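Take a look at the structure below.
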Amino acid sequence: MAIKFGTDGWRAVISEDFTFENVRIVAQAVADYFNRPQTTDHRPQTVLVIGYDRRFMSERYAEIIAEVLAGNGIEVILSDKAVPTPLVSLAIKKENLSGGIMITASHNPPYYNGIKIKAPYAGSADPEMTKGIESFLGRNPVKFISLKTALNSKKVRLLDLSEGYLKFVKDYIDLRLLKNKRFKVLVDYMHGTGAGYIKKILKGTKLQITEIRTQREPYFGNVNPEPIPQNLEATKA
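94 is the number that the working numbering gives to position 92 of the sequence shown; each next residue is one higher, with no gaps.
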């Protein structure tokens, strides 16, 4: 079985190790971990939130995990679109959820994807948690129901995670300091899930915002999706 966890989850090359079958195996391990008898989670019902980025097939991987979790009796909040990872963390904290999953390979090359685990405290899973989930890999057969069935039965519900996040950020910063500034601002989203958020957050100010690389592009313009100098040549054009 070509599944080996690293920091806060699993990353692998798409179609080589990161396959539908292996994603289901990891999802079953996550379900088994959260359903284990010795859990200290005293919430009346285990509820996990799932988000995903703009990488190749990320939305389908998210749906597959939702199908497996629902098949194991776990309630799922599934993002209705690609979102940045902090939106998943905020949803856990705001809704007092049992944890979450983010489909992303972070700054790894475009041909990678990954499953990052979020703990009940809304941060990245610690080594104890990831090792616990890893210990369930392949232990039990995969159980799942179709996404359509899960949605109809309310085991999975789609949710716009962006509304709560935008409100949180706007409440957190003092927009009065920027309201009448006339700075020209260039925002390079590098084809990532953050596209559009800055403009929405700063709406109502007089800042002149120019956004580039806003569209989804699974190859990220042939650079790694990491904001380091060699990947930011577009900002100098």
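Backbone N, C-alpha and C define an ideal beta-carbon position, used for all residues, glycine too. This structure is a prediction, so every number in the text was calculated from the model and none was measured.
Contact set for residue i: own chain, Cβ-Cβ below 6 Å, skip 5 residues either direction
| i | result |
| --- | --- |
| D55 | A84, T106, T195 |
| S60 | Y54, I105 |
| K186 | Q210 |
| K181 | T207 |
| A127 | D10, I119, A121 |
Reduced DSSP category for residue i - H, G, I as helix; E, B as strand; rest coil
| i | result |
| --- | --- |
| D176 | coil |
| F170 | helix |
| V158 | strand |
| S164 | helix |
| I66 | helix |
| D190 | strand |
| Q210 | strand |
| V225 | coil |
| R38 | coil |
| F20 | strand |
| R26 | helix |
| G73 | helix |
| V32 | helix |
Residue(s) in a DSSP beta bridge with residue i
| i | result |
| --- | --- |
| M59 | None; M59 has no bridge partner. |
| Y54 | I105 |
| S126 | K120 |
| G8 | G11 |
| V144 | Per DSSP, none; premise fails for V144. |
Sequence-distant residues of its chain with Cβ nearer than 8 Å to residue i (five each side left out)
| i | result |
| --- | --- |
| P88 | Y167 |
| K183 | T207, K208, L209 |
| K133 | F7 |
| I214 | L188, V189, D190, Y191, A236, T237 |
| N142 | Q30, D34 |
Residue-chain proximity (residue i, chain D), Cβ-Cβ < 8 Å
| i | result |
| --- | --- |
| I214 | No chain D is part of this structure, which consists of one protein chain only. |
Contact check, residue i vs residue j, beta carbons under 8 Å
| i | j | result |
| --- | --- | --- |
| N37 | N74 | yes |
| W12 | V32 | no |
| S120 | I103 | Sequence check: residue 120 is Lys here, not Ser. In contact: K120 and I103 (Cβ atoms closer than 8 Å). |
| N115 | Y63 | yes |
| T212 | A197 | no |
| L139 | I5 | yes |
| K145 | V225 | no |
| H2 | E18 | Residue 2 lies beyond the residue range present for the chain, which begins at 3 and ends at 239; the question has no answer from this structure. |
| E77 | K157 | yes |
| R57 | P220 | yes |
| V171 | I147 | no |
| G125 | S91 | yes |
| L149 | A93 | no |
Endpoints, alpha helix (DSSP H) assigned at residue i
| i | result |
| --- | --- |
| R184 | Per DSSP, R184 belongs to no alpha helix (DSSP H) and is neither H nor E. |
| I119 | It is not in any alpha helix (DSSP H) - I119 instead sits in the beta strand (DSSP E) that spans 114 to 120. |
| E97 | 87 to 97 |
| G11 | Looking at the DSSP string, G11 is not in any alpha helix (DSSP H); the run it does join, the beta strand (DSSP E), is 11 to 15. |
| G134 | 129 to 136 |
| Y199 | 199 to 203 |
7 Å CB neighbourhood of residue i in its chain, flanking five on each side removed
| i | result |
| --- | --- |
| F22 | I66 |
| D82 | L160, L161, D162 |
| F222 | P112, M192, H193 |
| L234 | D190 |
| K95 | A124 |
Extent of the continuous beta strand (DSSP E) to which residue i belongs
| i | result |
| --- | --- |
| I79 | 77 to 81 |
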